[in-house]
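Visitor:
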Amino acid sequence: MTELTIAVAKGRMQDEALRLLARAGIRLSQAALRSRRLAIEDESGAHRLIFVKPSDVPVYVEHGIADCGIVGRDVLLESGADLLQPLDLRIGYCRIAVASGAGEFPKATGALRVATKYPRITAAHFGARGVPVEIIQLSGSVELAAALGLAHCIVDLVETGRTLSENGLKVVEVITESSARLVVNRASYQLKAAAVSRLMGSLRVETEVEGAA
Amino acid sequence: MFEPLSKIPDGMRYYFGAEARLRRGVEDAVMAVFDGWSYEEITTPCVDYLALFERGMGYEQAHRSFRFTDTDGRMLALRPDVTSSVARSAATLFADRPRPLRFCYASQVFRQQPLSHALWRREGKQLGCELFGVEGLNAEIEMLCVATEILTGLKLGHDFRVTINSVEIFNGICEYLAFDDSQRELMRQLLDRRDAAELQKFLGGFATTDIERTSFVRLTQLSGKGEILEEARRIITNPRSVAALENLAALWRIIQTLDLTNFCDIDLGDVSGLDYYTGLTCKIYVRGAGAHVGSGGRYDHLTANFGRAEPAVGFVLDLDSLTDVLMHRETAIPPATPNAATPSPARETDPATLFTDARRRRERRERVSIDCVR
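Going down the list, the protein sequences come from chains W and B.
Going by our numbering, the first residue of the first sequence is number 1079, and it counts up by one from there.
Going by our numbering, the first residue of the second sequence is number 1018, and it counts up by one from there.
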């Protein structure tokens, strides 16, 4: 019987997350991995994995459709979802940073124009310092906005910094660091305490191995 | 402006048919249990001064309400909770009544800002009870007994859990670490999210040892039965928290005696309560609902805001979340379909005869359905 449903963010760190889960004993058969089904049971049958867009992971978990999820801290900060975040999985490291062409803030603007996929994080960051900003929300290729002059600067994920430098941008400041988190639904944490705690236990061991390596 | 007339504001909805009957049935069942424990029904004003809710719930929660101005310019609010108003009445209208005072209610509450994505409703119905004037364990045990009787009565079997904690454990730690208000709030948020990684980083900024830091982080994961109190005692040594732990341990012993251990859990990471809790807090979870369906606790300082300090406990159930779950379960309450109506006599066209017959059958408490169209 399926004990736990785990939502996994597709894309950037899906493979890393699946490797981590496999080491923690949650393995998917090759056939399941090759299939295009979006909900798959693991080999033990105790876990069901669902694959959704990163920003949808908090949604599934907050509503309790998935008990747990694996998703970046950047996505959690942006979603503002009410979830438990008991474990740093130490994978998918990146930074959320402000970047601009000159590598510094332009002087004397009435309102800083910032292009981003992260309007909430951006508003909170500049709001906390009392800097007025005009946020331009984009859904991808954010670097272009600063390179072509749509915005003075951008707020985006920085992994290696290569995309930034190839588009002539430099990091002005790092807002926060991000890595993958295990998130848990509040009700599941209580009502499926034993299963959640087993999952946390085995993932914790594996992340510590990973962290030490 | 063209928009369909069927459009209603976000977070509002209609209830009808089986769902409306279920809501009525659940409300009646819950109110009957309250009545069985001698709670007297009270109805509070739906519109009240915003200042009342600021005093009662704290600024942030109160400002989730729908607000508007009275003719004299004072700010009013559609009540976002019932407890504030009941506490005011206990301290003022009922100041001279002998204690204990027991009140219960089934009332709509409104929030302009929903609490979370999952709790999207802006109008909800709270079924709640409040007990004023009783210190110590007895009031807290009574609350747990009432809550478990209700949930068992709703045929939830073992699919519900009441988690208990004491805010004094957390308060003791904050006092020990000499936190100011903003540090306390940050720690509360991290603990509430069980965010062990960020909490570890945050505590790194304070003059605590590595062992102490790790122990406090461990708090985020202490949830379970009585044995976690043992572990907590090793972690927490400040007198204020220790006293709270002892209270919790005493409560747990009674829970064991009453054979309620299967329904209850201790959850030291639950610090999400409103500002007004002063001791025990509880949350009620039901399998099938993504968020808690009820919460409560001890709020000994609340009535002092209205000029008469006295101990108080209470809890509320969210009828909407509860019925969302019950709609998908086999429940005995209420009948899924209404009793069949006896048909009005065929070929009867004289209204006087038709309705004389109907009234006679109503006197026998039969369900009638007049075929008026003929």
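We put the CB at the ideal spot given by N, CA and C, even for glycine.
Quantities reported herein were computed from a predicted structural model and do not represent experimental measurements.
1) Taking Cβ positions only, does residue 1291 of chain W come closer than 7 Å to chain B?
2) What does the Cβ neighbour count give for residue 1175 of chain B, buried or exposed, with the cut at 16 atoms within 10 Å?
3) Since residue 1077 of chain B is in the alpha helix (DSSP H), which residue starts that stretch and which ends it?
4) Applying the 10 Å Cβ sphere with the 16-neighbour rule, what's the burial state of residue 1027 of chain B?
5) Cβ of residue 1089 of chain B less than 7 Å from any chain W Cβ?
6) DSSP three-state label for residue 996 of chain B, please.
7) Do you know whose CA, among W:1187, W:1273, W:1105, lies nearest residue 1127 of chain W's CA?
8) For residue 1162 of chain W, return the contacting residues in chain B, with the cut-off set at a CB-CB distance below 7 Å.
9) Locate the alpha helix (DSSP H) running through residue 1368 of chain B, then write down its first and last residues.
10) Kindly list, in the order they appear in chain B, the residues whose Cβ is closer than 8 Å to that of residue 1264 of chain W.
11) Can you pull the chain W neighbours of residue 1240 of chain B, defined as C-beta to C-beta under 8 Å?
12) Identify the continuous alpha helix (DSSP H) that holds residue 1103 of chain B and give its terminal residues.
13) Entirely within the stretch 1141–1209 of chain W and at least 4 residues each: give me those alpha helix (DSSP H) ranges in chain order.
14) For residue 1042 of chain B, which of B:1030, B:1123, B:1029, B:1189 has the nearest alpha-carbon?
15) In chain W, what lies closer than 8 Å to residue 1133 of chain B by C-beta?
16) Is it buried or exposed for residue 1057 of chain B, if we count other Cβ within 10 angstroms and need 16 for buried?
17) Can you find the residues in the same chain that come closer than 7 Å, C-beta to C-beta, to residue 1136 of chain B, ignoring five residues on each side of it along the sequence?
18) Taking C-beta to C-beta, are residue 1130 of chain W and residue 1085 of chain W nearer than 7 Å?
19) Flag this pair as yes or no: are the beta carbons of residue 1103 of chain W and residue 1275 of chain W separated by less than 7 Å?
20) With a cut-off of 7 Å, does the C-beta of residue 1178 of chain B fall near any C-beta of chain W?
21) Leaving aside the five residues before and after residue 1068 of chain B along the sequence, list all residues of the same chain whose C-beta is less than 6 Å from its C-beta, in chain order.
22) In chain order, what residues of the same chain have a beta carbon less than 6 Å from the beta carbon of residue 1150 of chain W, not counting five sequence neighbours either side?
23) If you drop the 5 nearest sequence neighbours on each side, which residues of the same chain put their C-beta closer than 6 Å to that of residue 1322 of chain B?
24) Per DSSP, what kind of secondary structure is residue 1029 of chain B in: helix, strand or coil?
25) Please name the residue or residues paired with residue 1163 of chain B in a DSSP beta bridge.
26) Can you name the residues of chain B whose CB is closer than 9 Å to the CB of residue 1153 of chain W?
27) Inspect the CB distances between the stretch 1329–1347 of chain B and the stretch 1082–1091 of chain B and report whether three or more fall short of 8 Å.
Guide: So, to answer that:
1) The predicted position of residue 1291 of chain W is uncertain, since its pLDDT is 47 and thus under 50; no value can be drawn from it.
2) exposed
3) 1076–1079
4) exposed
5) no
6) Outside the shown range of chain B (1018 to 1391) lies residue 996 of chain B, about which nothing can therefore be said.
7) W:1105
8) 1210, 1211
9) 1368–1380
10) 1302, 1307, 1308, 1309
11) 1267, 1268, 1271
12) 1100–1108
13) 1151–1157, 1197–1206
14) B:1123
15) 1140, 1159, 1160
16) exposed
17) 1308
18) yes
19) no
20) yes
21) none
22) 1170, 1256, 1258
23) 1072
24) coil
25) Looking at the DSSP assignment, residue 1163 of chain B forms no beta bridge with any residue, so it has no partner.
26) Ordered by position in chain B, no residue passes the 9 Å Cβ test against residue 1153 of chain W, which lies about 14 Å from the chain.
27) no
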